[in-house]
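Heads up: the structure comes next, in structure tokens.
There are 2 protein chains.
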Amino acid sequence: MLLTGTLQERETYVPTGNIVNQLIGTPDMKSIEPTIKANDASPPRAAERILQVARDLFYRQGIRAIGVDEIVRRAGVTKPSLYRSFPSKDELAASYLRHYELEFWERFDEAVNAHPGDPRAQIVAFLTRVGKRTQKPDYRGCGMTNAAVEYPEHGHPARVVSEANKQELRRRLRAMAAEMGAGDADTLGDGLLLLIEGAYISGQLFGVGGPAQSVARNADLLIEASLKK
Amino acid sequence: MLLTGTLQERETYVPTGNIVNQLIGTPDMKSIEPTIKANDASPPRAAERILQVARDLFYRQGIRAIGVDEIVRRAGVTKPSLYRSFPSKDELAASYLRHYELEFWERFDEAVNAHPGDPRAQIVAFLTRVGKRTQKPDYRGCGMTNAAVEYPEHGHPARVVSEANKQELRRRLRAMAAEMGAGDADTLGDGLLLLIEGAYISGQLFGVGGPAQSVARNADLLIEASLKK
DNA sequence: CTATCATGTTACTGACCGGTACGTTGCAGG
DNA sequence: CCTGCAACGTACCGGTCAGTAACATGATAG
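Protein chains in written order, with my numbering: chain A, 7 to 235; chain B, 7 to 235.
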């Protein structure tokens, strides 16, 4: 019998392609354009357009479902323009997710800042907005969660971004649960995380009218039960 | 500017390929082999081997990540053998999911049957086992949930199976919540579904030691809070 | 012995995958 | 005006994608 033995599994990511600067690379690097006057109404640079289109398509259709050809076609540019700004499609996906994460923390901190010193109200406020967003007809869940599902390989650039975000979210939720004075803060924090992830998934699975619309209410119930212990 | 206008989005699945019988097609059709004596130690039929390999690879790596060439190579068969038994890769994926769903309901009903007339214990028993499974090192979540993430297109064969399963699960959870006597049974049922989906996702995102291990405890807390209302 | 038929095979298709070598354009500074 | 250089495009790479045409084999039924 053929094909026995040497069919290794590839559980860890090994990159392909070259090394170039990437948009939203590591931290800092706030602006895209290097030397443009503020009043300049110039059309967006190629890299910017590419990332913009990629963010939209990757989120709505999934990363694996979208080829680089379609991205550059819709961006009105050509492939070398993409590969001059991004080392690979995988790194373009990672850039998309880094951008997504930025927006995520903006939303999160907005809810936090709206209720200073009241972590329970912060959570409920955040989840109320999540619940609302899941009821939009074209809701597609959390880009980072979806990317982790699409790329189970350890070390894949997209997964790395997603995992780091979820770890940090878990840390903050547990801290907030402790701040509430929960008997078992880690369990409550984790329970809230489960509800959040469940809302992301159920939102795109059930669409409008799905269980995700009750995420804030359920979180509040769970908090209540956890504080009485 | 080029490329305006006629770039339609394709949100609904349109099939490609021919029409053939499929393994685990619609209901019934219990056995694979049509005419084989029971004592026969013959090697598994091609279609059976294909589905077996596909189930393993689709679950572990994802459906989009696996090509039909790899499936037939690992199954030790060739592509026409696959396409004689399955109309398309999409339908092969649907067959994988139908099989997955069967196993899912086996696990679910096992927990239900272990605690007759006690829906709360049924849920907790089921989620205790889910929590345990999420702690296995190679846990990859729920195959149906993952497939729905991979295929957002309405009407895709894989997504159809997943959506139907989740709808039915939601129905049963709400019914069990009502049976418990919850004040707002639909909200509790939906909350339990959120926890379950959250456990599936978090299990594969965090690996061992992740928040999914607390899903049963959190579900019990949520039930308690919901019954007191 | 032969016809049938399911199951196997080799070899191929056109489209698309991610990625790249190399030429062209346009604009700034000397 | 010319040079230099960054930003872009043309045209192509080998490999893989899902899917198929045409043929071989092997067991069974008559």
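Note that CB positions come from ideal geometry on N, CA and C, so glycine has one too.
Contact check, residue i vs residue j, beta carbons under 8 angstroms
i: Leu103 (chain A); j: Met150 (chain A); result: yes
i: Gly204 (chain A); j: Ile129 (chain B); result: no
i: Gly137 (chain B); j: Gln210 (chain B); result: no
i: Leu227 (chain B); j: Leu228 (chain A); result: yes
i: Asn224 (chain B); j: Thr18 (chain A); result: no
i: Ala153 (chain B); j: Arg165 (chain B); result: yes
i: Leu133 (chain A); j: Val221 (chain A); result: yes
i: Tyr56 (chain A); j: Leu63 (chain A); result: According to the sequence as given, residue 56 (chain A) is Ile; it is not Tyr. Not closer than 8 angstroms, so no.
i: Leu233 (chain B); j: Met182 (chain B); result: no
i: Glu169 (chain A); j: Glu156 (chain B); result: no
i: Arg158 (chain A); j: Gln58 (chain B); result: In the sequence under discussion, the amino acid at residue 158 (chain A) is Pro, which differs from the Arg named in the question. No, Cβ-Cβ distance for Pro158 (chain A) and Gln58 (chain B) is not below 8 angstroms.
Buried versus exposed, by CB contacts within 10 Å (16 or more), residue i
i: Val167 (chain A); result: buried
i: Val20 (chain A); result: exposed
i: Ala120 (chain B); result: exposed
i: Lys95 (chain B); result: buried
i: Ala81 (chain A); result: buried
i: Arg177 (chain B); result: exposed
i: Glu109 (chain A); result: exposed
i: Pro86 (chain A); result: exposed
i: Val214 (chain B); result: exposed
i: Asp75 (chain B); result: exposed
i: Ala188 (chain B); result: buried
i: Arg61 (chain A); result: buried
i: Gly147 (chain A); result: buried
i: Gly161 (chain B); result: exposed
i: Lys172 (chain A); result: buried
i: Thr84 (chain A); result: exposed
i: Arg113 (chain B); result: exposed
i: Gly216 (chain B); result: buried
CB contact check: residue i to chain A, cutoff 8 angstroms
i: Ile207 (chain B); result: yes
i: Ser94 (chain B); result: no
i: Asn152 (chain B); result: yes
i: Ser48 (chain B); result: Only weak support is given to the placement of Ser48 (chain B): the predicted model assigns it a pLDDT of 40, under 50, and the value that follows is read from those uncertain coordinates. For Ser48 (chain B), the answer is no, since every Cβ of chain A falls outside 8 angstroms of its Cβ.
i: Arg169 (chain B); result: Position check: residue 169 (chain B) holds Glu in this sequence, whereas Arg was assumed. For Glu169 (chain B), the answer is yes, since a Cβ of chain A falls inside 8 angstroms of its Cβ.
i: Phe110 (chain B); result: no
i: Ser220 (chain B); result: yes
i: Ala71 (chain B); result: yes
i: Pro158 (chain B); result: yes
i: Gln210 (chain B); result: yes
i: Leu63 (chain B); result: no
i: Leu175 (chain B); result: no
i: Pro86 (chain B); result: no
i: Leu57 (chain B); result: no
i: Leu199 (chain B); result: yes
Chain B within 8 angstroms of residue i, Cβ atoms only
i: Gln67 (chain A); result: yes
i: Ala231 (chain A); result: yes
i: Gln141 (chain A); result: no
i: Asp196 (chain A); result: yes
i: Val155 (chain A); result: yes
i: Glu203 (chain A); result: yes
i: Arg135 (chain A); result: no
i: Lys172 (chain A); result: yes
i: Pro163 (chain A); result: no
i: Thr193 (chain A); result: yes
i: Leu103 (chain A); result: no
i: Pro217 (chain A); result: yes
i: Arg146 (chain A); result: yes
Residue i - DSSP class collapsed to helix/strand/coil
i: Thr18 (chain A); result: strand
i: His160 (chain B); result: strand
i: Gln128 (chain B); result: helix
i: His105 (chain B); result: helix
i: Arg55 (chain B); result: helix
i: Gly215 (chain B); result: coil
i: Pro49 (chain B); result: The pLDDT assigned to Pro49 (chain B) is 44, lower than 50, so where the model puts this residue is not dependable, and the model offers no usable value.
i: Leu8 (chain B); result: With a pLDDT of 26 at Leu8 (chain B), under the threshold of 50, the modelled position of that residue is not reliable, and the figure given next carries that caveat. Looking at Leu8 (chain B) - three-state DSSP - the assignment turns out to be coil, as it is neither helix nor strand.
i: Gln210 (chain A); result: helix
i: Gln173 (chain A); result: helix
i: Arg180 (chain A); result: helix
i: Lys138 (chain B); result: helix
i: Arg223 (chain B); result: helix
i: Gly187 (chain B); result: coil
i: Arg146 (chain B); result: coil
i: Leu29 (chain A); result: Because Leu29 (chain A) carries a pLDDT of 45, less than 50, the predicted location of this residue cannot be relied on, and no value is offered for it.
Fill in: In chain order, each beta strand (DSSP E) run of at least 3 residues that lies wholly inside the stretch 58–128 of chain A
none
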